[in-house]
Structures are given as C-alpha cells and as structure tokens.
Amino acid sequence: MRKLFPLLLLAAAFHQPLALADCASSPKPVAEAFYNWYLQSFSNEKDPITDDLPHLQQYVTQTLIERIKKQMSSPEGLEEDYFLKTQDYMDEWLTQIKVSEPQVQGTSARESVTLGNTPDTTQIVDLLLVKDKGCWKINEVLATTDQSE
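In mature numbering (1 follows the signal peptide of the UniProt record, and there is no 0), the protein residues as written are -21 to -1, 1 to 128.
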C-alpha cells in the first residue's frame, strides 16, 4: 500500500495539468484553435457541427450549440454557415487565419477573426466569447459588414 500511494499522487499530479491544458486562459487561442479545426473539418469533408460534437463543445458554449441546432432543424434551416457567415469557405482560409487582440471585460470578450488575405477572398467575423466554467468559449458570431479593410 505504501508503494501504491506515491504512484497515485504522481498520477493525480500529471492528470490535473492535462485537464487544464484543454482550457485556454485567454480568448485568442480559443478562436485560433477553433477556426483551424473547423476549417480543417470541412477540408476533410466532415461537418464539424454534426460529425464532431465533442470537439465543438470544447470551443463553443452549449447555449450557442443549441441555438444553431434549433435553427438547423427549423423549416428555414441555416442560410449560411453560422461561424463563417458565408455559404462556402475558401481553401486559402485554411492557412490564413488571423485573430485580433481580444477586448476583455470581466468574463466576456470580443475579437475579430480575419480569414484570407486578399480583398477578393477575405472574410471577417466578430466573436463574442464568455468564460464558461473557467474556460473561454465562443458564445456568438457576428458578421462584419465592412469587408474592405
């Protein structure tokens, strides 16, 4: 028993940082990781919302997931991809993801994500993130009306 106890303590010590590593301390890495994963899913011909819900839940609040699913199952459905604010994505976006420095106010934050790097291919969306159980998660995505920066 004496030999087992130190091993249990060691295992517990190593387990804790892994759980915390999944939770970003800043909103910016959440947006970067989310859009990398999200666009890569499309590139691999997968629907990130229906094919990989556990991964989606790492980055997006349950409230937003439920709103999207409700809209998807409504007679109107979704007219555009919720996270991209467009009907399709450009291959260039896979390697051209830029996230602005977040404006943090307590447990909420706002930042812009720019996809693409040429005037013809650039798409910009604004993210609203909240701290959910200590982890930053996307709670809303807004279309940026002026794409000509």
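Note that beta-carbon positions come from the ideal geometry of N, C-alpha and C, so glycine has one too.
Open item on the list: Less than 8 Å between C-beta atoms, sequence neighbours within five positions excluded: which residues of the same chain meet that for Leu35?
Closed with: For the purposes of this step, residue 35 is identified with residue 56 of the sequence shown, where counting begins at 1. Answer for Leu35: Pro27, Ile28, Ile44, listed in chain order.
TODO: Determine the burial state of Pro54: buried for a count of at least 16 other Cβ atoms within 10 Å of its Cβ, exposed for fewer.
DONE: Your numbering for residue 54 matches position 75 in the sequence shown. By the neighbour-count definition (other C-beta atoms within 10 Å, threshold 16), Pro54 is an exposed residue.
Task: Neighbourhood of residue 174 by C-beta, 6 Å cutoff - its chain only, sequence neighbours within 5 removed - done: With the chain covering -21 to 128 only, the question about residue 174 has no answer from this structure.
Open item on the list: By alpha-carbon positions, which one of Thr42, Leu63, Thr97 ends up nearest to Leu121?
Closed with: As a first step, residue 121 must be located in the sequence shown, where it is residue number 142. The shortest Cα separation from Leu121 among Thr42, Leu63, Thr97 belongs to Leu63.
- [ ] Take Cys114 and list the residues in its own chain whose beta-carbon comes closer than 6 Å to its own, dropping the five residues that flank it on each side.
- [x] For the purposes of this step, residue 114 is identified with residue 135 of the sequence shown, where counting begins at 1. Excluding residues within five positions, the ones whose Cβ falls inside 6 Å are Cys2.
TODO: Give the C-beta separation of Phe13 and Ile117 to the nearest angstrom, bearing in mind that I take them to be a contact with Cβ-Cβ under 8 Å.
DONE: To locate residue 13, count along the sequence shown from 1; it is residue 34. To locate residue 117, count along the sequence shown from 1; it is residue 138. Indeed, because the Cβ distance is near 6 Å, the residues count as touching under 8 Å.
Open item on the list: How far does the alpha helix (DSSP H) with Thr42 in it extend, from its first residue to its last?
Closed with: As a first step, residue 42 must be located in the sequence shown, where it is residue number 63. Segment 41 to 52, the alpha helix (DSSP H) holding Thr42.
TODO: Starting from the C-beta of Thr65, find all residues in its chain whose C-beta is less than 8 Å away, skip the five residues before and the five after it, and write them out in chain order.
DONE: Position 86 of the sequence shown, counted from the start, is the residue given in the question as residue 65. Once the five neighbours on either side are set aside, the close Cβ partners of Thr65 are Glu59, Gln102.
- [ ] Run the CB neighbour count on Lys112, radius 10 Å, all protein chains shown included, and call it buried at 16 or more, exposed below.
- [x] As a first step, residue 112 must be located in the sequence shown, where it is residue number 133. Within a 10 Å sphere around the beta-carbon of Lys112 sit fewer than 16 other beta-carbons, which makes this residue exposed.
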